[in-house]
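Residue numbers (my numbering), protein chains in the order written: chain A, 1134 to 1388; chain B, 12 to 329; chain C, 414 to 702.
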Amino acid sequence: MLQVNNVTKQFGGVKAVDNLSFNVKKGTIHSIIGPNGAGKTTLVNMITGVYKVDSGTVFLDGGDITNLATNKLVHRGICRTFQHLEICGNLTVIENVMLGFDKYMDKNIIRSCFRAKSILDDEKRYLERGMHLLDLIGLADFANNEAKNLSYGILKKLEIIRALATTPELMLLDEPVAGLNPKETQEVSDLIKTVVADEVTVILVEHDMKMIMNISDHITVMNFGKKLAEGNPTEIVNNEDVIKAYLGSGALSGK
Amino acid sequence: MLKRYNINNQILILTGILIIVPFLLQNDFHFEIAILAILNALICIGLNLLMGYAGQVSLGHGAFAGLGAYISVILSSNYELNPLLSIFIAVMIMAVLAFIISKPILNLKGHYLAMATLGIGIIISIVLEVEEEFTGGSDGMSVDSLVVFGYEFSDSISWYILCAVLLVFTIWAFENLINSPFGRLLRSIHDSEKAADSVGIDVSHYKSIVFVISVVIATIAGSLYAFFSGFISPQEASFSHSIELVVMVVLGGLGRVYGALFGAVILTTLPQLLTAFEDYETLVFGVIIILVMIFMPKGIVSLFDKVVKKKEQNSASS
Amino acid sequence: MIELFGYMLSGVTVGFIYTLVGLGFTVIYNSSGIINFSQGEFVMAGGMSTVFLLYAGLPLGVAFVLAIMITSLIGIVLYKLISFSKDSSQISLIILTLGFAIFLRGLAQVIFDKQLHTMPSFVGDGAFEIFETTLTYQALAVIVVSIVIVISLYLFFNKTKTGQAMMAASNNVDAAKLMGINIKKILMLNFAISAVIASIGGILLTPITSTNYEVGIMLGLKGFCAAIIGGLGTPFGAVAGGLVLGILESLVAGYVSSEYKDAVAFIVLLAILFFMPGGIFGNLKSQRV
Chain A
1134 MLQVNNVTKQ
1144 FGGVKAVDNL
1154 SFNVKKGTIH
1164 SIIGPNGAGK
1174 TTLVNMITGV
1184 YKVDSGTVFL
1194 DGGDITNLAT
1204 NKLVHRGICR
1214 TFQHLEICGN
1224 LTVIENVMLG
1234 FDKYMDKNII
1244 RSCFRAKSIL
1254 DDEKRYLERG
1264 MHLLDLIGLA
1274 DFANNEAKNL
1284 SYGILKKLEI
1294 IRALATTPEL
1304 MLLDEPVAGL
1314 NPKETQEVSD
1324 LIKTVVADEV
1334 TVILVEHDMK
1344 MIMNISDHIT
1354 VMNFGKKLAE
1364 GNPTEIVNNE
1374 DVIKAYLGSG
1384 ALSGK
Chain B
12 MLKRYNINNQ
22 ILILTGILII
32 VPFLLQNDFH
42 FEIAILAILN
52 ALICIGLNLL
62 MGYAGQVSLG
72 HGAFAGLGAY
82 ISVILSSNYE
92 LNPLLSIFIA
102 VMIMAVLAFI
112 ISKPILNLKG
122 HYLAMATLGI
132 GIIISIVLEV
142 EEEFTGGSDG
152 MSVDSLVVFG
162 YEFSDSISWY
172 ILCAVLLVFT
182 IWAFENLINS
192 PFGRLLRSIH
202 DSEKAADSVG
212 IDVSHYKSIV
222 FVISVVIATI
232 AGSLYAFFSG
242 FISPQEASFS
252 HSIELVVMVV
262 LGGLGRVYGA
272 LFGAVILTTL
282 PQLLTAFEDY
292 ETLVFGVIII
302 LVMIFMPKGI
312 VSLFDKVVKK
322 KEQNSASS
Chain C
414 MIELFGYMLS
424 GVTVGFIYTL
434 VGLGFTVIYN
444 SSGIINFSQG
454 EFVMAGGMST
464 VFLLYAGLPL
474 GVAFVLAIMI
484 TSLIGIVLYK
494 LISFSKDSSQ
504 ISLIILTLGF
514 AIFLRGLAQV
524 IFDKQLHTMP
534 SFVGDGAFEI
544 FETTLTYQAL
554 AVIVVSIVIV
564 ISLYLFFNKT
574 KTGQAMMAAS
584 NNVDAAKLMG
594 INIKKILMLN
604 FAISAVIASI
614 GGILLTPITS
624 TNYEVGIMLG
634 LKGFCAAIIG
644 GLGTPFGAVA
654 GGLVLGILES
664 LVAGYVSSEY
674 KDAVAFIVLL
684 AILFFMPGGI
694 FGNLKSQRV
């Protein structure tokens, strides 16, 4: 579904991503792992239009999406979440979710000023859908709270739900459990595995090995900007190069 | 029906106040102040949309209002076009201009954006003053009265009604806008551009749209003021007028439409109250700004918030 | 050719005034990230205070020192007001400093008056003849004193312990606090320094262009343009920006149109903001945005 072909990104003299290629199969959870500084977030930023690639291409279902802007990619069905939470604090929880529906909603200024029927209908319809999505993470009761009043763990889940609201075909999750406690991590992991992966192809960037091993269908390992290894979880766990890169097998077996 | 059309309590109260006010005013001069206050409020509502919701500071809005007004006046006086048509054409011209300007400047961050709007504003005001052939220079131009479908707006009361209706309509339309998907989109941009980006919103496009809206409103209000007072001068476009507008918005309460209204009303009427102080006028004005910014940085409207909060707490506990 | 040289010379003189105003902006901005919209009023305060102290009969040197002290007090007052304010968002501070500017102008109106005032050149009324162009002693004084101030600032910030502490504080507030540096004192000192520089500029300027309560408005704005044009990260930015501005203004006034002279500063400002937002020196040093 997604083809990343020989992409490179350089910052000054350092190649953050070096001639990297991999393919993502539709309907899978494809994880990207690697030590800190391996270039994972840079890669995500390149795929999602935050950085321009220095060379290489990215194809989605055969169409060239290299260097397309983030917001344009959403209309092509690609959505992402952020390592450092990007939530609109002053909007309520339900409003944050409804942001995800933005591309479907009527934003004509004149109609908005006059409360045209299309505007009111949109609001009603997507409010319902939004509440349904909030139900999935048990936040329906908090719908009208301002997002800034909620905890980090809840907001991490909210961001995923918001991304889901854009009805993407491909979702890139950038360290969705960073900074979460084990219980919250499990909740997000379940959310990804059951809800998200049901409808959407997932690219997951993470450090939490237990979660990676649990839910991934396929893993790409990066180191120093290059692809180090590729395969299913079992293959990766037993891959010598990967073990060496991660300083000991203890990390890989999920301790 | 009230709910369907979102005619809430505040709109009703505002309408009530606007109806009562003319009976309290004693002479033409009072009406002049009231009309000026309303027109300033209109510009401030647009400016508040830009500054409070889209988070873009503009230190040059007086210039946009002034330039728009000049275009309307020149079209109607020199080219003998119907005033309403003149305003319409001026709005079109200013909208295009605003859109073009918005592209390079809205990419600037924080202080740099403020300075760019300041620079553009001052350049506009200098041009208006220097190009005397077109604008009458610093002596200004006299302006014919507003004629709409044969009705000539010649007395204070008709102007007042026109402005009051416009004000109520604008506030109503504005509240609808803020509560619509468009409004939510704007508020999201203000909080997190990255988040907005990630749901498909073209952030720079919408920043431009808001900038254009604020300039359009300023053009309309500025033009109306020119037709009302029968006179226009480069003072309208001056840096101090631009600063006055920003102060009105912030003192009233940034991000609150009634804040913009209060700010405009208070700062328009204040100088009249301060004439008692004569030479001390500027000094007192400065002191007021300082005190409000130190003790009520969220604006005067925050006083109302506290009153409302207290009432809610009292009714909750009783 | 003579004409050109004449314009360049007057441009340089005015340019250094812009530099002094711009330096004040830079010092405050570098230490606190605040744009002080009342900087121009500091300049006005320096000039006006000196004039009226002279009227009161005080000797020149005493008047200078007192005026500078008064202005630095004004700078400290502004700092105190800012630290009292409950909301330090960018727009609040912009309005606060704007309000302070209006306050100072109002105060000047009341304490002094609305008239134009001047004082005699303190280095005498003579002038040099250079290449058939006149360079008054006062203009030369402006240039010399400005250069001295710029060099002193550079030495202070880079070679003295206090100055280096201030640079450190502006780069990383938390680290500075951990090292025992008193941030409040440093910020206050920065405001005072900025006011001193501005008041010296006002004193130097008054014999040349006179002064009144409103003189700070345009001066402040143009000084700010100078700082941005040159680049806010370094004092040399204000120098480069001030000189570029002064010379360009002079050339435009002479060769193009004297009516559009005031627009030059803002046109160049816009050009810099669009094409080189870091300013002339901005690309050489890291920027605080």
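For glycine and all other residues, C-beta sits at the position ideal for the given N, C-alpha and C.
Within this structure, are the beta carbons of residue i and residue j separated by less than 8 Å?
i, j, result
"threonine 128 of chain B", "leucine 70 of chain B", "yes"
"alanine 1296 of chain A", "threonine 1214 of chain A", "yes"
"glycine 643 of chain C", "glycine 435 of chain C", "yes"
"histidine 1208 of chain A", "lysine 1185 of chain A", "no"
"alanine 1330 of chain A", "isoleucine 1162 of chain A", "yes"
"isoleucine 345 of chain B", "serine 234 of chain B", "No statement about residue 345 of chain B is possible, as the shown extent of chain B runs from 12 to 329 and does not include it."
"phenylalanine 429 of chain C", "glycine 650 of chain C", "no"
"tyrosine 420 of chain C", "glycine 667 of chain C", "yes"
"methionine 461 of chain C", "alanine 521 of chain C", "yes"
Using 8 Å as the limit for Cβ to Cβ distance, is residue i near chain B?
i, result
"lysine 698 of chain C", "With a pLDDT of only 44 at lysine 698 of chain C, under the threshold of 50, the placement of this residue in the model should not be trusted; the figure read from the coordinates follows. Not one chain B Cβ lies under 8 Å of lysine 698 of chain C."
"methionine 579 of chain C", "no"
"serine 1382 of chain A", "Model confidence at serine 1382 of chain A stands at a pLDDT of 48, short of 50, so the residue's coordinates are unreliable and nothing is read from them."
"valine 702 of chain C", "Only weak support exists for where valine 702 of chain C lies, its pLDDT of 33 falling under 50; the coordinates are left without a value."
"leucine 1269 of chain A", "no"
"lysine 499 of chain C", "yes"
"proline 690 of chain C", "yes"
"glutamate 1392 of chain A", "The structure shown does not extend to residue 1392 of chain A, since chain A is modelled only from 1134 to 1388, so the question has no answer here."
"glutamate 1317 of chain A", "no"
"isoleucine 610 of chain C", "no"
"glutamine 522 of chain C", "yes"
"leucine 1232 of chain A", "yes"
If contacts are defined as beta-carbon pairs under 8 Å, then residue i and residue j qualify, I think. What distance do you get, rounded to the angstrom?
i, j, result
"threonine 1141 of chain A", "aspartate 1187 of chain A", "5 Å"
"alanine 8 of chain B", "phenylalanine 75 of chain B", "This structure does not reach residue 8 of chain B, given that chain B is present from 12 up to 329, and the question cannot be answered."
"isoleucine 1252 of chain A", "serine 191 of chain B", "5 Å"
"threonine 280 of chain B", "alanine 48 of chain B", "6 Å"
Beta strand (DSSP E) containing residue i: first to last residue?
i, result
"lysine 1203 of chain A", "It is threonine, not lysine, that sits at residue 1203 of chain A in the sequence shown. Here threonine 1203 of chain A belongs to no beta strand (DSSP E); instead the alpha helix (DSSP H) covers 1203-1209."
"glutamine 1143 of chain A", "1135-1144"
Is there a C-beta anywhere in chain A that falls below 8 Å from the one on residue i?
i, result
"leucine 265 of chain B", "no"
"serine 191 of chain B", "yes"
"aspartate 208 of chain B", "yes"
"asparagine 20 of chain B", "no"
"isoleucine 182 of chain B", "no"
"valine 319 of chain B", "no"
Say whether chain C places a C-beta atom closer than 8 Å to the C-beta of residue i.
i, result
"methionine 1 of chain B", "Any question about residue 1 of chain B goes unanswered here, given that chain B covers just 12 to 329."
"threonine 274 of chain B", "Reading off the sequence shown, one finds glycine at residue 274 of chain B, where the question assumed threonine. No, no contact with chain C."
"leucine 177 of chain B", "no"
Mind checking which residues open and close the alpha helix (DSSP H) that includes residue i?
i, result
"valine 1310 of chain A", "It is not in any alpha helix (DSSP H) - valine 1310 of chain A carries neither H nor E in the DSSP assignment."
"leucine 600 of chain C", "596-622"
"alanine 206 of chain B", "204-209"
"glycine 646 of chain C", "Element bounds for glycine 646 of chain C: n/a, residue is neither H nor E."
"phenylalanine 1234 of chain A", "No alpha helix (DSSP H) contains phenylalanine 1234 of chain A, which DSSP labels as neither H nor E."
"serine 1188 of chain A", "That residue, serine 1188 of chain A, is in no alpha helix (DSSP H); its beta strand (DSSP E) goes 1188-1193."
"cysteine 1221 of chain A", "No alpha helix (DSSP H) holds cysteine 1221 of chain A; DSSP gives it neither H nor E."
"glutamate 627 of chain C", "Where glutamate 627 of chain C is concerned, there is no enclosing alpha helix (DSSP H), given that its DSSP letter is neither H nor E."
"leucine 471 of chain C", "No alpha helix (DSSP H) holds leucine 471 of chain C; DSSP gives it neither H nor E."
"tyrosine 442 of chain C", "415-445"
"glutamate 255 of chain B", "250-264"
"phenylalanine 1215 of chain A", "Unbroken run through phenylalanine 1215 of chain A: none, as it is neither H nor E."
"glycine 297 of chain B", "292-306"
With a threshold of 7 Å (Cβ to nearest heavy atom), would residue i be considered close to the ligand FMN?
i, result
"aspartate 1268 of chain A", "The ligand content of the structure shown is nil, which means the ligand FMN is not present either."
Residues of the stretch 116-132 of chain B whose Cβ lies closer than 8 Å to any Cβ of chain E, in chain order: Going by chain labels, chain E is absent from the structure shown, which instead holds the protein chains A, B and C.
Would you mind listing the beta strand (DSSP E) stretches within the stretch 507-566 of chain C that are 3+ residues and don't spill past its ends, in chain order? Runs of the beta strand (DSSP E) inside the stretch 507-566 of chain C: 540-543, 546-549.
Please list the segments of the alpha helix (DSSP H) lying wholly inside the stretch 1244-1291 of chain A, counting only runs of 4 or more residues, in order along the chain. 1250-1269, all fully within the stretch 1244-1291 of chain A.
To test your reading of the DSSP string, which unbroken beta strand (DSSP E) runs of 3 or more residues are found completely within the stretch 1326-1359 of chain A? Listed in chain order, they are 1334-1338, 1351-1356.
Going along the chain, which unbroken runs of the alpha helix (DSSP H) with 4 or more residues stay wholly within the stretch 114-163 of chain B? Correct list: 121-141, 143-146.
What are the start and end residues of each continuous alpha helix (DSSP H) run of 4 or more residues lying completely inside the stretch 1141-1181 of chain A, in chain order? Secondary structure remark: continuous alpha helix (DSSP H) runs of at least 4 residues inside the stretch 1141-1181 of chain A, in chain order: 1173-1180.
Taking only runs that begin and end inside the stretch 60-89 of chain B, name each unbroken beta strand (DSSP E) of 3 or more residues, in chain order. Segments of the beta strand (DSSP E) lying fully in the stretch 60-89 of chain B: there are none.
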